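One point on numbering: in the UniProt record's numbering, the residue at position 151 of the sequence shown is 151, and numbering is uninterrupted.
Backbone N, C-alpha and C define an ideal beta-carbon position, used for all residues, glycine too.
On a predicted model such as this, the values are computed, not experimentally measured, just so you know.
Read through the structure below, which is laid out as structure tokens, and then see the notes.
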Amino acid sequence: WGNLGNVLKSQGKMDEAEQAYRNALYFRSNMADMLYNLGLLLQESNKFSEALHYYKLAIGSRPTLASAYLNTGIILMNQGRLDEAKRTFLTCADIPDENLKDPHAHKSSVTSCLYNLGKLLHEQGHQEEAISMFKEAIHKMPRQFAPQSLYNMMGECYCCCRIMKSYHKWFKILNVPHICR
């Protein structure tokens with residue numbers, strides 16, 4: 001059922017894919033990947049409360065599933081539940097990176113959690129904390145991760161702090177003109 005759900009989803013048959021995922025979970029309710037896939041499909045269908053439910057079940061089934069933490073944090077952040085989002089992103093960042101099913105996806109999700117936490121802190125005016133999160137994201141970032149948004153936010157934070165030497169460094173890496181205001 002799970003593979004059928006993936007195929008149906010790739011064909012744009014969302015209702016049928018959702019039913020296939022639910023059928024798979026009927027037979028084995030603790031399959032973390034299936035719980036996550038259903039959560040993702042529900043999130044893409046703007047069914048955020050239900051998506052959160054399935055992400056939390058996925059995390060309960062596999063506490064190292066960083067992508068479930070990432071999507072949970074993003075939904076919470078978009079719902080204005082900022083303290084919960086922060087805790088979720090921090091929990092994700094602290095997941096050990098050994099004995100994982102997919103180490104590359106894990107590292108990308110952890111980096112994205114740190115990026116989103118840094119962005120949230122930046123938006124709340126906590127520039128030094130945000131810079132710290134962005135530095136940790138850069139440290140944990142896998143090779144295949146596209147770093148442009150991360151570097152941009154790092155530069156923005158330095159701009160807000162008026163640390164011009166560091167500000168110029170990050171925008172020079174990006175090779176884009178930018179004016180600190």
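Here's the rule I'm using: 16 or more other beta-carbon atoms within 10 Å means buried, otherwise exposed. How should residue i be labelled?
i	result
GLU156	buried
LYS101	exposed
ALA24	buried
ASP83	exposed
GLN148	exposed
ALA130	buried
So residue i is in the alpha helix (DSSP H); what residue range does that whole segment cover?
i	result
LEU65	No alpha helix (DSSP H) contains LEU65, which DSSP labels as neither H nor E.
GLY125	No alpha helix (DSSP H) holds GLY125; DSSP gives it neither H nor E.
ASP97	Element bounds for ASP97: n/a, residue is neither H nor E.
ARG22	14 to 27
PHE145	No alpha helix (DSSP H) contains PHE145, which DSSP labels as neither H nor E.
ASP33	32 to 44
GLY2	2 to 10
LYS47	LYS47 -> no alpha helix (DSSP H), and no H or E assigned at all.
If you measure from the beta carbon of residue i to each beta carbon in chain C, is any gap under 8 Å?
i	result
LEU25	No chain C is present in this structure, which holds just one protein chain.
Quick one, are the C-beta atoms of residue i and residue j less than 8 Å apart?
i	j	result
ALA68	ILE59	yes
PRO142	LYS107	yes
ALA66	LEU41	no
TYR54	LEU38	yes
PRO103	ASP94	no
LEU120	PHE134	no
MET153	HIS122	yes
SER61	LEU35	yes
Are the segment 107 to 119 and the segment 133 to 143 touching by the rule of at least three beta carbon pairs closer than 8 Å? yes
Check whether the segment 69 to 89 and the segment 116 to 131 touch, using three or more Cβ-Cβ pairs below 8 Å as the test. yes
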